[in-house]
Each structure stands twice: as structure tokens, then as C-alpha cells.
Amino acid sequence: MATRKPGRSKPVCVLQIGYIALVIDADKGMQVMRLLGESVLCEREFSVRKETYVVTKPPELSIRIIDADSVRAATNNDAKGLLIE
């Protein structure tokens, strides 16, 4: 979701999850933050017979409401057709 369809006024936000930034509708972003706020980071470990997960720390989360006009598509072909519905 890299850009917004013209004529829409629904607020959008940027979710920052560690080093990953995501643009999403603001109401959906708040739902995601509520859910991820209950999570913890973990590392996968492999032993001889099974894989296990070791809990490490809470994730680094932030949300920022932004103006939809400040979102634009990248100029490369990978971003063609990515719109916030």
C-alpha cells in the first residue's frame, strides 16, 4: 500500500514495527497496534529433535497519523498499483 486513491479523506498512519514502516488506514493501524502490543519478540532455535522459540523482549512499536497527501508511490515497477483502499 504505497499511495492513496484520489478523492479519499480517510486518515492514514505509519506503523513502525522495529525497522519496518507500513502505511495503513488509521483505524486498522490502531487495531494492529492493540494486537501487537500484547506480543513479544522471539528467536527460533533448532535442536536435534524439535524447534523451540525463545522469548526475548517486547517489540519496538510506534504509530503516527499522517496526511494522506504525503504518501506517494515509488517510481519503480514494484510499487505500481499499490493503493490504500
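The numbering used here applies: residue 1267 is where the sequence shown begins, and numbers increase by one.
We put the CB at the ideal spot given by N, CA and C, even for glycine.
Small disclaimer: the values here were computed from a predicted structure and weren't measured.
Could you round the C-beta distance between residue i and residue j to whole angstroms and report it? I think they count as a contact, below 8 Å.
i       : j       : result
Glu1311 : Thr1318 : 5 Å
Thinking C-beta only, is residue j closer than 8 Å to residue i?
i       : j       : result
Cys1279 : Ala1292 : yes
Ser1328 : Gln1282 : yes
Val1306 : Val1320 : no
Please classify residue i: is it buried, with 16 or more other beta-carbons within 10 angstroms of its beta-carbon, or exposed?
i       : result
Gly1303 : exposed
Lys1323 : exposed
Val1289 : buried
Gly1295 : buried
Starting from residue i, follow its DSSP beta bridges and name the residues at the other end.
i       : result
Tyr1319 : Arg1310
Leu1281 : Leu1288 and Ile1329
Nearest by alpha-carbon distance to residue i: which of the options is it?
i       : options                      : result
Pro1277 : Arg1338, Asp1333 and Thr1341 : Asp1333
Met1299 : Ala1339, Ile1331 and Asn1342 : Ile1331
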